[in-house]
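Position one of the sequence shown corresponds to residue 1 (the UniProt record's numbering), numbered consecutively onward. We put the CB at the ideal spot given by N, CA and C, even for glycine. Notes for the one structure printed next.
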Amino acid sequence: MTAFIQQLPALIGVVIGALGSYLAVVRGDRVRFQREQAARWEDRKFAVYAEYARALKRSVTLTYRVAAHYGNDPHPHPLTPQEAEPQLAEATIARDPAGEALILLGSPAVVEQARTWVVTVMEMEAFLRAGTRDPAAWQALMDRQRAGREGYYRAVREDLALPPGHSARWALTSSGTPPQR
Numbered sequence: 001m002t003a004f005i006q007q008l009p010a011l012i013g014v015v016i017g018a019l020g021s022y023l024a025v026v027r028g029d030r031v032r033f034q035r036e037q038a039a040r041w042e043d044r045k046f047a048v049y050a051e052y053a054r055a056l057k058r059s060v061t062l063t064y065r066v067a068a069h070y071g072n073d074p075h076p077h078p079l080t081p082q083e084a085e086p087q088l089a090e091a092t093i094a095r096d097p098a099g100e101a102l103i104l105l106g107s108p109a110v111v112e113q114a115r116t117w118v119v120t121v122m123e124m125e126a127f128l129r130a131g132t133r134d135p136a137a138w139q140a141l142m143d144r145q146r147a148g149r150e151g152y153y154r155a156v157r158e159d160l161a162l163p164p165g166h167s168a169r170w171a172l173t174s175s176g177t178p179p180q181r
C-alpha cells in the first residue's frame, strides 16, 4: 500500500497532464474549425458580392449601348431598344437571384450600397424605355451610377477587410477619350 501512496502523486500528475492535453487539443480543434468556417463564409460572401456586381454591370453595359442608339452615350456599339429588350430582360432575371443571395449573406452596409446602385440602374433603364434623348440628363444618371458602384465596392472592401481599391475611372490614351465607365 505504501508503494501505491508513494506513486499516487505521479499518477495524479499523469492524469492531470492527460486531461490538460485533451483540453488543449479540443480547444485547438475548435479554434481551427471556427477559423476555417469563417474563411469559408468570407469566400462565399466574396463570390456573392462579385456575382451581384457582375450581374448589375451587365445591365449597365446594355443601358450604355441603348443610350448610344438614342444619341445620349458615345458607346461604340449601339443597340436598338428592340435588339436590347431580350438581353435586358435576361440581365434583370439574372440580377434577381444574385440580389437575393446578397441580401442573405451581405452585411447591412453592403446591401444598402447595392440598393443605391441598383435603384440608379433601374432609373437608367426607365430613362431609356421612355425613349428620352437628353445627353445631359443621361450623364447625370451615369455619374450617379458610378458613385453607386464606387459606394458598393467600398462597402464590400470594408466588409471583407480588403485594402482600398481603384476607382475604375481612367481615360484611355487615344485620339478621342471615351467617357469613364
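Rounded C-alpha distance that separates residue i from residue j
i: Arg-32; j: Ala-38; result: 10 Å
i: Leu-62; j: Leu-79; result: 8 Å
i: Met-122; j: Gln-82; result: 18 Å
i: Met-142; j: Pro-164; result: 23 Å
i: Tyr-64; j: Asn-72; result: 8 Å
i: Pro-76; j: Arg-30; result: 56 Å
i: Glu-36; j: Glu-42; result: 10 Å
i: Ala-114; j: Trp-138; result: 20 Å
i: Leu-8; j: Gly-17; result: 14 Å
i: Lys-45; j: Leu-11; result: 51 Å
i: Pro-135; j: Ala-147; result: 18 Å
Outcome for residue i when other beta-carbon atoms lying within 10 angstroms are tallied against a minimum of 16
i: Glu-125; result: buried
i: Phe-4; result: exposed
i: Val-66; result: buried
The alpha helix (DSSP H) enclosing residue i, as first and last residue numbers
i: Tyr-52; result: 2 to 69
i: Asp-143; result: 135 to 159
i: Leu-79; result: Looking at the DSSP string, Leu-79 is not in any alpha helix (DSSP H), and its letter there is neither H nor E.
i: Ala-130; result: No alpha helix (DSSP H) contains Ala-130, which DSSP labels as neither H nor E.
Close beta carbons around residue i, own chain, < 7 Å, minus the five adjacent residues each side
i: Arg-60; result: Note that residue 60 corresponds to Val in the displayed sequence, not to Arg. Only Val-121 and Gln-145 meet the Cβ criterion.
i: Tyr-153; result: Gly-165
Cut-off 6 Å between Cβ atoms - residues of its own chain near residue i, not counting five sequence neighbours on either side
i: Val-156; result: Tyr-49 and Val-110
Nonlocal neighbours in the same chain, by C-beta distance under 8 Å from residue i, ignoring five residues either side
i: Leu-160; result: Glu-42, Lys-45, Phe-46 and Tyr-49
Flag this pair as touching only if the segment 86 to 101 and the segment 47 to 64 have three or more C-beta atom pairs under 8 Å; answer yes or no. yes
Can at least three beta-carbon pairs, one atom from the segment 103 to 119 and one from the segment 129 to 136, be found at a separation below 8 Å? no
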